[in-house]
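Peer 1: In order, the protein sequences belong to chains A and B. In the numbering used here, each number is its position in the first sequence, counted from 1, plus 21. In the numbering used here, each number is its position in the second sequence, counted from 1, plus 21. Pasting in a structure now, in structure tokens, and then I'll have a few things to ask.
2 protein chains.
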Amino acid sequence: MQISDIREATASIRSNIRNAYVDFSQMTVSVIAVESDVMRHGKPVTGYGFCSNGRYAQGGILRERLIPRLRAAAPGALLNDAGDNFEPRKIRNTMLANEKPGGHGDRAVAAGALDMAVWDLVAKLAAQPLWRLLSARYNNGRHDEQVMVYPGGGYYYPGKGLDRLQDEMRGYRDQGYKVVKMKIGAVPLAEDLPRIEAVMALLGGGGDLAVDANGRFDLETALAYGKALAPFSLFWFEEPGDPLDFTLNAELAAHYPGALATGENLFSLQDARNLIRHGGMRPDRDWIQVDPALSYGLTEYLDIIDMVEAMGWSRRRLIPHGGHQLALALAAGLQLGGSESYPGVFQPFGGFADDTVIAGGMAQPGEHIGIGMEAKATMFAEILRLVGG
Amino acid sequence: MQISDIREATASIRSNIRNAYVDFSQMTVSVIAVESDVMRHGKPVTGYGFCSNGRYAQGGILRERLIPRLRAAAPGALLNDAGDNFEPRKIRNTMLANEKPGGHGDRAVAAGALDMAVWDLVAKLAAQPLWRLLSARYNNGRHDEQVMVYPGGGYYYPGKGLDRLQDEMRGYRDQGYKVVKMKIGAVPLAEDLPRIEAVMALLGGGGDLAVDANGRFDLETALAYGKALAPFSLFWFEEPGDPLDFTLNAELAAHYPGALATGENLFSLQDARNLIRHGGMRPDRDWIQVDPALSYGLTEYLDIIDMVEAMGWSRRRLIPHGGHQLALALAAGLQLGGSESYPGVFQPFGGFADDTVIAGGMAQPGEHIGIGMEAKATMFAEILRLVGG
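Listed below in structure tokens is the structure:
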């Protein structure tokens, strides 16, 4: 058994949305196929992966560093001990050989996309849904039948007023979501408050509303927003300051009684550990959003779960960013706190399989073999077009 | 005045050396030319830059993100207020537009190489050595006539015994260096100690010897090395643990009385600030080695100097990694603590201008216009071959 081909390409997910920090008019993701020499139904069993939105495609790093190292691996070096499947950790260590420690950025995104394809392949070779394979291997067979999901929405875009913001949130509710999220911080607090209040009026309070500042605030602004938001008892207040300003986060946590959420821009176990060590995060209420498809992949995420639990946190406080089938599988199979969802943005890569049932704010992971890429029709058509072989 | 062309290419700096973490058999760097429409002596004034060793070339990020943003800039948008030169901070903000916060890795390396070329161009247009321009703009005209330099050497390579290690160090002394550095940590402590003692025997003690573990040690090993090294009163003990494990660093600092040095794998102001906030670094003895050519460039480094001083540190505690003319210019013009030097490794990109005088462990920055790329003949020939236009 061996990897017979690895193909990568860049896909556009451009749109006219923006958050408080970036616009997405030029956004791209890397798409990857890892093809094995195992034939089923006359075709090679192939895993597919992509990186999450927000950090651009990583074709250079994939083509120049990660993929050549896998191509140069000795026969059998990437297999499990039984020799009947690939071993993701061996693949991860091989693709990242001769990479220095620290500096976890674009490299982690490239590895995350490649690692996703590897896990899709591994689950397909095992003829199981990924969430079921994860449950059996790493969670004593336990899993969640349904996963808390929330739409990452409420973006700013040209001409979007309060009515359209409310319409968007009403749409999410109609689709079966309970908790919804909106962006804040691209306009001053005095302009953001009516936006927040308009959505709360629709929802009947703040308990099902998360707000996301995308790392824009300095300490003073974060504290001012915190003071204004506290009475709303929001579901969470996300990424108030720079993702690496752990002191800001700790200071806000000391003043803001509600839940904080952050971590989508921390790309390694080391960075996530620093958030827990230095960020003042409270294990009884706060949320950690590290995204496996930006952070060296599911393989590293398994280590992050171990680290989090070793530091006295419950894995239920982990809700991965990303809004894709990988995050949903992780959350179901490893019993995390939930998963982001993208019902309307970052198409065609945002969102779950087409047949995913969402009701009462919960999603079921489905029985698709592998990650379930094939069950999101527009996305899979694009994947085949780009890296179908 | 405008940028008329930006060219980039990948150069090999492969060698058979290794440190405790990586080998350099596949190592590459990005090389960049930023050409202006200003003509002198019949040729366009052009700045050249490259990234420091260790993190590979970044052609993908340069070609797909950073360079296109500069090409798309409005006429005049990259100039200073007087319109008589380019403004590096405007160029930096333009090349990094729509980049999310956090995740400071390969992107910072790409930006560092491009920013180096921009500063070379700016100093050439001002017809000054870069160190003199920096002194005038940011240091009230003060500068250092000579800069403490030390060779980043003592690598492991096949067949290298104690005799050859001593020969190498003797060679550095013969070249005018005083402080020398050697790698540790690729073999167990019991095998490293004879290496260290052999070099100390040559030097007549440990005061001029720095040792570098390249981030390899866990806490237990770092403490064991610290205990063994303490009696030697070494010049410094560099990068004992993972560069982001600030708690390990703080724990070692609480036990090891000698100087620690770290920071070459921290690629942003935020990461460097976390080292000072959380790493237990002692402003009276420890050293911070952030490398501008891996960390968004000299422009970000100016902010790092401000941050360091705002936190009560002296800029004399900053000794950039990198071993090139940019670091030497920074150290001289902004009066830092010194600069690494690569008299024998990472050729042709390692090391200073060919005519650099090194005596008593000090180097003079020279009067070359710009950064002085043209004055390192083998390197500049390679730069011209790759991006000469």
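All C-beta atoms, glycine included, are put in the ideal place defined by N, C-alpha and C.
(1) What's the gap between the Cα of Y42 (chain A) and the Cα of V201 (chain B)?
(2) Spatial neighbours of Q23 (chain A) within its chain, please: C-beta separation below 6 Å, excluding the five flanking residues on both sides.
(3) What does a CB cutoff of less than 8 Å around E350 (chain B) pick up in its chain, not counting 5 residues either side in sequence?
(4) Cβ of R338 (chain A) within 8 Å of Cβ of D375 (chain A)?
(5) Taking the DSSP output, what are the residues bridged to V408 (chain B)?
(6) Within 10 Å of its beta-carbon, does S25 (chain A) have 16 or more other beta-carbons around it, so buried, or fewer, so exposed?
(7) For W308 (chain B), which beta-bridge partners are listed by DSSP?
(8) First and last residue of the beta strand (DSSP E) that includes D26 (chain A)?
(9) Tell me which residues share the same chain as D127 (chain A) and place their Cβ nearer than 8 Å to its Cβ, disregarding the 5 neighbours each side in the sequence.
(10) Alpha carbon to alpha carbon, how far is L214 (chain A) from F253 (chain A)? Give it in angstroms, no decimals.
(11) For P261 (chain A), does the count of other Cβ atoms within 10 angstroms reach 16, so buried, or fall short, so exposed?
(12) Who are the neighbours of Q291 (chain B) on chain A, taking C-beta pairs under 9 Å?
(13) Could you tell me which chain B residues have their CB closer than 8 Å to the CB of Y42 (chain A), listed as they occur along the chain?
(14) Using a beta-carbon distance below 8 Å, is D127 (chain A) in contact with chain B?
(15) Within 10 angstroms of its Cβ, does N37 (chain A) collect 16 or more other Cβ (buried), or is it exposed?
(16) Chain A beta carbons: is any one of them nearer than 8 Å to that of Q47 (chain B)?
(17) Taking only beta-carbon atoms, is L339 (chain A) less than 8 Å away from chain B?
(18) Consult DSSP for A148 (chain A) and reduce its assignment to one of helix, strand or coil.
(19) Rounding to the nearest angstrom, what Cα-Cα distance links M328 (chain B) and A211 (chain B) in this structure?
(20) In this structure, how does DSSP classify P172 (chain B) when only helix, strand and coil are distinguished?
(21) Cβ atoms of I297 (chain A) and V332 (chain A): under 8 Å apart, would you say?
(22) Determine the extent of the alpha helix (DSSP H) in which P341 (chain B) is found, giving its start and end residues.
(23) Within the 8 Å Cβ cut-off, does F238 (chain A) reach chain B?
(24) Using CA coordinates, which residue listed in B:A94, B:A219, B:C72 is at the minimum distance from G344 (chain B)?
(25) Below 8 Å CB to CB, which residues in the same chain sit around S360 (chain A) once its five sequence neighbours on both sides are set aside?
(26) Report the CB separation of R163 (chain B) from V408 (chain B) in whole angstroms; it is logged as a contact under 8 Å.
(27) Express the C-alpha separation of G228 (chain A) and A274 (chain B) in angstroms, rounding to a whole number.
(28) Mind checking H389 (chain B): buried by the 16 CB within 10 Å criterion, or exposed?
(29) Out of B:V208, B:G225, B:K204, state which residue places its alpha-carbon closest to the alpha-carbon of F258 (chain B).
(30) Quick one: list the residues of chain A neighbouring Q310 (chain B), beta-carbon separation under 9 Å, in chain order.
(31) Which class does D376 (chain A) belong to by DSSP, given the choice of helix, strand or coil?
(32) Would you identify the three-state DSSP class for S360 (chain A), choosing helix, strand or coil?
(33) Please decide whether I82 (chain A) counts as near chain B, where near means a Cβ-Cβ distance under 8 Å.
(34) What are the boundary residues of the beta strand (DSSP E) that includes P15 (chain B)?
(35) Quick one: Cα of G192 (chain B) to Cα of D324 (chain A), how far?
(36) Does R113 (chain B) pass the burial test, meaning 16 or more other C-beta atoms within 10 Å, or should it be called exposed?
Peer 2: Straight from the coordinates:
(1) 45 Å
(2) D58
(3) One point to set straight first is that residue 350 (chain B) is Ala, not Glu, in the sequence displayed. P150, L151, W152, L155, P386, I392, G393, listed in sequence order.
(4) no
(5) Per DSSP, none; premise fails for V408 (chain B).
(6) exposed
(7) B:A282
(8) 24-33
(9) R76, Y77, Q79, I82
(10) 11 Å
(11) buried
(12) D263, P264, L265, D266
(13) K121, P122
(14) yes
(15) exposed
(16) yes
(17) no
(18) coil
(19) 40 Å
(20) strand
(21) It should be noted that the sequence gives Met, not Val, for residue 332 (chain A). It is a contact, given that the beta carbons lie within the stated cut-off.
(22) No alpha helix (DSSP H) contains P341 (chain B), which DSSP labels as neither H nor E.
(23) no
(24) B:C72
(25) V168, M169, V170, I340, P341, G343, G344, A348, L349, L351, A352, A384
(26) Not really, about 34 Å apart at Cβ, beyond 8 Å.
(27) 45 Å
(28) buried
(29) B:K204
(30) Result: empty, since nearest Cβ-Cβ is about 12 Å, beyond 9 Å.
(31) coil
(32) strand
(33) yes
(34) Here chain B covers residues 22 to 410 and nothing more, so residue 15 (chain B) does not appear.
(35) 45 Å
(36) buried
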